[in-house]
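Down below is the structure, laid out as structure tokens.
There are 2 protein chains.
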Amino acid sequence: MKSRELLIFDVNETLLDLKPVQESVGSVLEGRRELVPLWFTTMLHYSLVTTATGKYQDFVEIGVAALIMTAIKYDIILSKEEALAAIKPILNLSPHTDVIPALYTLKEAGFRMVTLTNSSKIGVATQIKYAGLTDFFEQLLSVEEIGIYKPHTRVYEWAAGKLNAAPGNCTMVAAHSWDVAGAHRAGMKTAFIARPGQHLFPAFPTPGMVVPDFSKLADKLLEL
Amino acid sequence: MKSRELLIFDVNETLLDLKPVQESVGSVLEGRRELVPLWFTTMLHYSLVTTATGKYQDFVEIGVAALIMTAIKYDIILSKEEALAAIKPILNLSPHTDVIPALYTLKEAGFRMVTLTNSSKIGVATQIKYAGLTDFFEQLLSVEEIGIYKPHTRVYEWAAGKLNAAPGNCTMVAAHSWDVAGAHRAGMKTAFIARPGQHLFPAFPTPGMVVPDFSKLADKLLEL
């Protein structure tokens with residue numbers, strides 16, 4: 072049975088360690104590292120604003136605009152070029168140290184594995200290649216293909232369709248509460264990776280699995 | 072002609088001064104006022120998450136959950152009751168000082184005026200009454216009535232329908248870039264009030280009017 076199960080992984084923060092981009096963004100915000108979560112949340116908010124208003128815009132473009140807006144709020148003037156340069160390291164991230172051993176184990180056990188990200192098609196291809204994860208995944212799915220951001224329910228339905236899988240046979244794995252919430256609403260199973268600084272949204276249902284890292288994720292998936 | 076024009080006002084931050092709630096929220100975040108924008112943006116993000124996943128939840132409930140999640144991120148433990156108590160002052164806000172004189176002028180000039188807010192029906196009724204603004208508005212519209220948060224395009228289309236107005240005869244007035252962006256996409260005219268700390272999202276089209284306060288808004292509307 073396990074071999075028919077499909078694991079869908081979020082990319083940023085879930086597989087890849089965002090520390091380098093948090094550092095470069097903090098640095099152009101005049102070293103105010105405490106503003107980095109505000110930038111990231113503003114980017115997520117505005118990505119959904121484009122979905123709610125029916126006009127897709129590129130994730131990096133949204134990230135750049137969110138960074139400039141965050142900076143202005145604190146009287147920091149940033150050019151588009153400076154903002155883009157600060158975000159660019161997102162293309163060259165390493166996987167969290169627990170990721171590769173767990174992906175090996177899961178691949179060995181016969182799970183089908185794909186990624187599903189808000190990053191663009193070229194963005195995720197670059198990221199996964201740089202991180203050395205290419206061989207683990209049969210597809211790298213990007214919301215760019217349908218022009219709707221996660222966690223809109225249709226994104227997960229579309230992803231399941233692309234994989235010829237019923238949503239109920241898919242497990243969405245993410246370090247973001249909103250991401251697993253969207254997958255759950257689309258009928259998928261869900262696993263939340265409680266990376267440091269990532270927390271569940273208390274007003275949403277608890278995901279099927281809540282684990283601290285990929286090692287525990289693999290253990291739990293193999294138990295099932 | 073002017074007398075047929077409809078002005079639709081956002082409530083929180085646009086008409087009403089959020090300072091008391093920023094203070095109470097900052098206070099339960101152990102005095103870390105710099106975390107208040109992260110709380111507010113998280114609330115906005117998760118309100119759209121509920122819309123994107125097709126399950127409406129009350130705005131205050133989202134605000135409470137966002138506050139608890141923001142607190143946990145910084146190792147601050149808050150009960151639901153403490154979080155709710157910190158947000159409650161949102162019901163008892165004063166209008167910004169520029170609001171009442173401008174609303175008088177606009178009412179005199181024959182504009183029809185309503186509010187449109189992410190707050191609940193009972194929430195906005197309480198807010199507008201407390202602020203002493205009841206007589207200015209012919210309706211207090213809440214997204215609760217359709218179960219979709221701003222800036223989803225359908226909210227503005229629904230509001231225009233409720234007012235028997237074409238979107239093109241409505242001007243959405245808001246201190247939030249995402250709010251005017253949604254109204255614009257629905258075919259409304261837009262005016263952005265550049266309240267301190269509020270800035271335009273650089274990746275979106277510039278609103279029809281950008282003014283520092285309601286006094287300038289009234290001047291511009293009367294010039295047209």
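So the sequence lines, in the order shown, correspond to chains W and S.
Here the first sequence stands for residues 72 to 295, where the numbers follow our numbering.
Here the second sequence stands for residues 72 to 295, where the numbers follow our numbering.
For every residue, glycine included, the Cβ atom is placed at its ideal position computed from N, Cα and C.
Taking 9 angstroms as the threshold (C-beta atoms), are residue j and residue i in contact?
i        : j        : result
W/Thr112 : S/Thr121 : no
S/Asn163 : S/Pro91  : yes
W/Asp284 : W/Asp81  : no
W/Leu234 : W/Gln210 : yes
S/Gln269 : S/His255 : no
S/Val107 : W/Pro273 : no
S/Thr224 : W/Gly125 : yes
W/Ala123 : S/Tyr175 : no
S/His116 : W/His116 : yes
S/Phe130 : S/Gly194 : yes
Select from the options the residue whose C-alpha is nearest the C-alpha of residue i.
i        : options                                : result
W/Pro267 : W/His116, W/Leu77, W/Val99, W/Glu84    : W/Glu84
S/Glu132 : S/Ile148, S/Lys159, S/Ala173, S/Gly253 : S/Lys159
W/Ala257 : W/Pro276, W/Val226, W/Phe275           : W/Val226
W/Glu215 : W/Tyr117, W/Tyr127, W/Leu115, W/His116 : W/Tyr127
S/Glu228 : S/Val170, S/Tyr117, S/Leu187           : S/Leu187
S/Ala154 : S/Thr124, S/Ser191, S/Met114           : S/Met114
W/Leu109 : W/Met140, W/Ile148, W/Gly279           : W/Met140
W/Phe208 : W/Lys291, W/Thr277, W/Met184, W/Ser150 : W/Met184
S/Leu119 : W/Thr277, W/Ala252, W/Asp206           : W/Ala252
W/Glu105 : S/Leu293, S/Leu149, S/Lys144           : S/Lys144
S/Lys151 : S/Val99, S/Glu179, S/Pro166, S/Ser165  : S/Val99
W/Leu87  : W/Phe275, W/Leu204, W/Tyr220           : W/Leu204
S/Ser213 : S/Ala237, S/Lys192, S/Tyr175           : S/Lys192
S/Lys291 : S/Ala180, S/Leu149, S/Glu101           : S/Ala180
S/Gln198 : S/Ser165, S/Asp169, S/Pro222, S/Val170 : S/Ser165
Once the 5 residues before and after residue i are set aside, which same chain residues still bring their CB inside 8 angstroms of it?
i        : result
W/Val33  : Any question about residue 33 of chain W goes unanswered here, given that chain W covers just 72 to 295.
W/Gly97  : Arg103, Arg104, Leu106, Val107
W/Ile171 : Gly203, Leu204
W/Gly239 : Gly258, Met259, Lys260
Please return the same chain residues whose Cβ sits closer than 7 angstroms to the Cβ of residue i, not counting the five positions on each side in sequence.
i        : result
W/Ser95  : Ala157, Pro160
W/Ala173 : Phe285, Ser286, Leu288, Ala289
W/Ile147 : Leu100, Glu101
W/Ala237 : Ala231
W/Ala196 : Leu211
Among residues of its own chain, excluding the 5 on either side of residue i, which ones have a beta-carbon nearer than 6 angstroms to its beta-carbon?
i        : result
S/Tyr201 : Asn163
S/Phe299 : An answer regarding residue 299 of chain S cannot be provided, because it is not within the stretch 72 to 295 covered by chain S.
W/Cys241 : Leu77, Ile79, Ala231, Met259
Compute every distance between the C-beta of residue i and the non-hydrogen atoms of the ligand PLP, then say whether any falls below 8 angstroms.
i        : result
W/Thr112 : The model depicted lacks the ligand PLP and carries no ligand whatsoever.
Please state the DSSP three-state secondary structure of residue i.
i        : result
W/Ser74  : Note that W/Ser74 scores 48 on pLDDT, short of 50, meaning its location in the model is unreliable and no value can be drawn from it.
W/Ala245 : strand
S/Gln210 : strand
S/Leu149 : coil
W/Ile219 : coil
W/Phe111 : helix
S/Asn240 : helix
S/Pro283 : coil
S/Ala202 : coil
Buried or exposed, going by whether 16 or more other CB atoms sit within 10 Å of the CB of residue i?
i        : result
W/Ala137 : buried
W/Pro278 : buried
W/Leu89  : buried
W/Leu295 : exposed
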